[in-house]
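Here the structure comes first, spelled out in structure tokens, and everything after it is commentary.
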Amino acid sequence: DDPALLRLVQYTLAEEGMDVATASNGRDGLRQFYALQPELVILDLMMPEMDGWETCRRIREMADVPIMMLTARGQDGDMVRGLDIGADDYMVKPFSPEVLVARAQALLRRSRMARPEKAPAVYRDDRLFVDLEARRVCVEGMPVRLTATEFKLLAFL
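In short: position in the sequence shown from 1, add 197, done, that's the numbering used here.
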């Protein structure tokens, strides 16, 4: 809910080599989640349009991605509620950017260790290249941008 803080979090994580997408409200955040399928989600509780509680609940219904709540709400009850609805970590503002990075990296490490290694899912023929892991599609060597729904349909085929 704070644009300056959003930029700080984005800059801090990007400086550590992470690809970062941001949203200023819960609805846009949920749309970005569906489209980008990130490895980690950091939520503020007091976002407009859809609060962090509801955003977390909806993400958790469909995915096991690590979720960190980053919020000014530091009461024990808020922390317990956040963890109960599916958050994996809970940080209270103000926070240290270094601690944010360390906790984000720890969540990513645990998440990657929990996933079994699998061979890259790549399809290639004379005209079409599809990399399911990287969500990349090329036709005759040219990258093609697909919506999340279009990509899912192509992957299903």
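Beta carbons are placed, not taken as given, at the ideal position from N, Cα and C, and that holds for glycine.
Rounded C-alpha distance that separates A352 from L329 = When rounded, the distance between both Cα atoms is 7 Å.
Best match in D275, I264, D322 for proximity to L305 [C-alpha to C-alpha] = Checked all of D275, I264, D322; the closest Cα to L305 is I264.
request  = Note down the Cα distance separating A303 from G283, rounded to an integer number of angstroms.
outcome  = About 17 Å.
ask   = What separation, rounded to the nearest whole angstrom, lies between the Cα atoms of V341 and K349?
value = Between V341 and K349, the C-alpha separation is close to 14 Å.
ask   = Taking the continuous alpha helix (DSSP H) assigned at F326, which residues delimit it?
value = In the DSSP assignment, F326 falls outside any alpha helix (DSSP H) and lies within the beta strand (DSSP E) extending over 325 to 328.
message = Which of the three DSSP states is assigned to T209 in this structure?
response = In the structure shown, T209 sits in a helix (DSSP, three-state: H, G or I).
ask   = If we ignore side chains and look at the alpha-carbon of each, how far apart do Q234 and R270 end up?
value = Near 27 Å, if we compare the C-alpha coordinates of R270 and Q234.
Boundaries (first-last residue) of the alpha helix (DSSP H) holding R342 = Element bounds for R342: n/a, residue is neither H nor E.
request  = Measure the C-alpha to C-alpha separation of A232 and T346 and round it to an integer number of angstroms.
outcome  = In a straight line, the C-alpha of A232 is about 8 Å away from that of T346.
key: Distance, G274 Cα to V327 Cα   = Those two C-alpha atoms are separated by around 46 Å.
message = I need the straight-line Cα distance from D199 to V289, nearest angstrom please.
response = Each residue's Cα considered, the two are about 14 Å apart.
message = Can you confirm whether T219, when its beta carbon is compared against all beta carbons of chain B, has any partner nearer than 9 Å?
response = The structure shown contains no chain B; it holds only a single protein chain.
request  = Could you tell me which residues DSSP pairs with V217 in its beta bridges?
outcome  = Looking at the DSSP output, V217 sits in no beta bridge, so it has no partner there.
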